[in-house]
Amino acid sequence: MEYVEPVVGIANCLRTPACKYLQYHRKINDYVRNFKRMRDELNCKMEDIELQLKAELLRPLGKIPKKGVENWLKDVKEMIREVQVVENKVRNGRYLCRACNGKLVDEKSREMKGFLDKAPNASEGLAIDGPSAGLPLPTSELVGEEAVKNEIWACLMQEEMSNIGVWGMGGVGKTTIMKHIHNDLLKQQRFERVIWVTISKEFNVKKVQDDIAGALELKNWPREGDKLRRAAILSEMLNNEGKHVLILDDVWDKVSLEEVGIPKPSGSNGCKLVLTTRSEHVCKYMGCKVIKVKPLSEEEALILFLNKVGPNIVQSPTIMPTLKLVVKECAGLPLTIVVVAGTLKGEDNPLIWKNALGELKERIGKVEGVEAEVIERLKFSFDHLKDKQAKHCFLYCTVYPEDFEIDMDELIECWIEEGFIDDMGTRKEMKDKGHVILKKLEYNCLLENVSSDEMKMHDAVRDMALSITRMNPRYMIQAGLQLEEIPKKEQWSPDVEKVSLMHNSISKISIDLLPTKCQLLTTLLLQHNPIKKIPYSFFTNMPCLSVLNLSFTKIESLPNSIS
1 MEYVEPVVGI
11 ANCLRTPACK
21 YLQYHRKIND
31 YVRNFKRMRD
41 ELNCKMEDIE
51 LQLKAELLRP
61 LGKIPKKGVE
71 NWLKDVKEMI
81 REVQVVENKV
91 RNGRYLCRAC
101 NGKLVDEKSR
111 EMKGFLDKAP
121 NASEGLAIDG
131 PSAGLPLPTS
141 ELVGEEAVKN
151 EIWACLMQEE
161 MSNIGVWGMG
171 GVGKTTIMKH
181 IHNDLLKQQR
191 FERVIWVTIS
201 KEFNVKKVQD
211 DIAGALELKN
221 WPREGDKLRR
231 AAILSEMLNN
241 EGKHVLILDD
251 VWDKVSLEEV
261 GIPKPSGSNG
271 CKLVLTTRSE
281 HVCKYMGCKV
291 IKVKPLSEEE
301 ALILFLNKVG
311 PNIVQSPTIM
321 PTLKLVVKEC
331 AGLPLTIVVV
341 AGTLKGEDNP
351 LIWKNALGEL
361 KERIGKVEGV
371 EAEVIERLKF
381 SFDHLKDKQA
391 KHCFLYCTVY
401 PEDFEIDMDE
411 LIECWIEEGF
421 IDDMGTRKEM
431 KDKGHVILKK
441 LEYNCLLENV
451 SSDEMKMHDA
461 VRDMALSITR
471 MNPRYMIQAG
481 LQLEEIPKKE
491 QWSPDVEKVS
501 LMHNSISKIS
511 IDLLPTKCQL
521 LTTLLLQHNP
531 IKKIPYSFFT
541 NMPCLSVLNL
551 SFTKIESLPN
561 SIS
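For reference, each letter of the sequence shown is one residue, going 1 to 563 in UniProt numbering.
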């Protein structure tokens, strides 16, 4: 068999004109050199286009490769495989096959040259805007909220309806509903862009401008500069986006669209503004069609609770009557239903359920006001964390601003340095323990998983956690409050252990404001502040400092007092 292929090859070669046959035989080395040069050029071209395409896809949102580019890359990869086969044949060829091999490499060289001539032109772009108007948001399933979701959707589909205000108490499910609508809008492709921006309690014009610019993937967006100029740029860019929906989540007070740079939505430009808020007044002030998100009905609330509490509890006739009363105490709020169900998940002792019911009733009876009642229901879940270590770790999460996506590894490092995680020998064992605690907090619905490496705290859960830390002089949390200077001396308690001033506008640390007694301070977070210099004596009274974050500041040197 080993002679069959060469014989067939020679037979094919014999059909070649004699002069060409002799040329292939004599100049095979020239043909092979040209073949290798073409192979290398084609490989380089393919790698260049793949790198350029990757860079182009990373920049703008929703870009997809041009079909011609995809087909060219696919065909070239097949050609490279064929070239490898030819190369192996030539390497193992016999003297009698020289002409045949010469012909083979010549033909493949011509084919490679054809691919090089038809290579996609990077200067004309290798990708185009895809059908996506944005990226889908992670969300949980809706239970019993379809009616209000359909009402909001119907308003969005009406041309004359431009401003929509979705309001309801904290934890009632406004954000979850709007996340589903956001994702449905992306699928429907009626609008050219769907933009989601979280506002939060401390409204910051520059942050909102940055968030919208980030969603639009604006090139050369001025991170610094006055708000007016930035608003003008943003307004022009939004006008160029065509028909779009801008969703402002968690609005606490009226927002000046003009100050931010948001063009007024209207029937003529086809743009829509949707905001979620706890205040009906905010909706009316901003000229919105008001849609209220009401608590779940008793039946809907029971369905949601049973979905979260576990099948073994559902099948227990002795627990079911008490369970229904516990659900009633959750007042139809999806957040409290999920969190309380998470706390009681797997509990099959009827006495524990009766105690839980009594405790919830007592807590709610002690306070006045809807928001206070929500906080007390959530506190029930915090107090029922059996692990004291997990409680410390949970409260530490309040050092991050509202709606902040918390990096898990960074958080666990802080827990370790704070001593919340026992010294178990190796760093890896301590980190593994940290991930176990995170899972426990997620299991109890006190933290939400955002991605494989980030967690988030629901704004109402954070309100609950802050209500606990405010009663504790060991915490001073003023993150993301637009502060322009550090808190005054009298605000620094002698017992303070954790101070978070991250994500503010502090540019200078005045000597007059320096704390004099911080002997117990272990955590100081100053990241994302335009601080340029730290006074020499700043760290003098902080002997126990274990966690210090100065990232994303403008500090060029540190004072000796740090050591």
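Glycine is no exception: its CB is placed at the ideal position from the N, C-alpha and C atoms.
Extent of the continuous beta strand (DSSP E) run through residue i
i, result
"residue 475", "475 to 477"
"residue 381", "That residue, residue 381, is in no beta strand (DSSP E); its alpha helix (DSSP H) goes 370 to 383."
"residue 623", "The structure shown does not extend to residue 623, since the chain spans only 1 to 563, so no value can be given for it."
"residue 549", "547 to 549"
"residue 500", "498 to 500"
"residue 507", "Taken as a continuous stretch (DSSP letters only), residue 507 belongs to no beta strand (DSSP E), as it is neither H nor E."
Among the options, nearest to residue i - alpha-carbon criterion
i, options, result
"residue 463", "82, 217, 397, 408", "397"
"residue 520", "537, 507, 498", "498"
"residue 44", "80, 66, 65", "80"
"residue 309", "161, 345, 444, 563", "345"
"residue 494", "162, 334, 518, 269", "518"
"residue 533", "362, 539, 549, 556", "556"
"residue 158", "179, 272, 522", "272"
"residue 356", "122, 88, 330, 243", "330"
"residue 83", "101, 539, 197", "101"
"residue 215", "228, 198, 117", "198"
"residue 46", "490, 30, 227, 120", "120"
"residue 42", "419, 103, 222, 77", "77"
"residue 552", "562, 531, 544, 538", "531"
"residue 90", "31, 514, 262", "31"
"residue 85", "333, 67, 239, 36", "36"
Residues that DSSP places opposite residue i in a beta bridge
i, result
"residue 353", "Answer is none; residue 353 lacks a bridge partner."
"residue 244", "193"
"residue 274", "164, 247"
"residue 525", "500, 549"
"residue 456", "448"
"residue 200", "251"
Opening and closing residue of the alpha helix (DSSP H) in which residue i lies
i, result
"residue 429", "427 to 443"
"residue 291", "Not the alpha helix (DSSP H): residue 291 falls in the beta strand (DSSP E), residues 289 to 292."
"residue 218", "Element bounds for residue 218: n/a, residue is neither H nor E."
"residue 313", "311 to 314"
"residue 329", "320 to 329"
"residue 388", "388 to 396"
"residue 334", "334 to 344"
"residue 533", "Counting along the chain, residue 533 falls outside any alpha helix (DSSP H), and DSSP gives it neither H nor E."
"residue 560", "Careful: residue 560 lies outside any alpha helix (DSSP H) and carries neither H nor E."
"residue 283", "280 to 285"
Residue j beta carbon less than 7 Å from that of residue i
i, j, result
"residue 305", "residue 337", "yes"
"residue 109", "residue 183", "no"
"residue 370", "residue 174", "no"
"residue 291", "residue 166", "yes"
"residue 565", "residue 415", "What is shown of the chain runs 1 to 563, which leaves residue 565 out entirely."
"residue 430", "residue 437", "no"
"residue 241", "residue 190", "no"
"residue 205", "residue 258", "no"
"residue 287", "residue 163", "yes"
"residue 247", "residue 274", "yes"
"residue 152", "residue 195", "no"
"residue 327", "residue 360", "no"
"residue 473", "residue 509", "no"
"residue 267", "residue 442", "no"
"residue 395", "residue 465", "yes"
"residue 460", "residue 171", "yes"
"residue 418", "residue 276", "no"
"residue 52", "residue 126", "yes"
"residue 245", "residue 185", "yes"
Neighbourhood of residue i by C-beta, 6 Å cutoff - its chain only, sequence neighbours within 5 removed
i, result
"residue 252", "201"
"residue 1", "Residue placement at residue 1 is poorly supported in this model, since its pLDDT is 41, which falls under 50; the coordinates still yield a value, given next. If we look at residue 1 and ignore the five residues flanking it on each side, it has no Cβ neighbours."
"residue 124", "none"
"residue 223", "none"
Own chain, CB closer than 8 Å to residue i, minus 5 neighbours either side, in chain order
i, result
"residue 95", "Note that residue 95 scores a pLDDT of 47, beneath 50, so its modelled location is shaky and nothing firm can be said."
"residue 363", "376, 377, 379, 380"
"residue 549", "502, 524, 525, 526, 527"
"residue 504", "478, 479, 480, 481, 482, 483, 484, 528, 529"
Own chain residues within Cβ distance below 7 Å of residue i, not counting five before or after
i, result
"residue 314", "306"
"residue 405", "450, 454, 456"
"residue 284", "290"
"residue 243", "191, 192, 270, 271"
"residue 131", "In this prediction, residue 131 scores a pLDDT of 46, lower than 50, which makes its location untrustworthy; no coordinate-derived value is stated."
"residue 28", "98, 101, 102"
Interface flag, residue i vs chain D, CB-CB below 7 Å
i, result
"residue 397", "Structure shown: chain D not included; a single protein chain is present."
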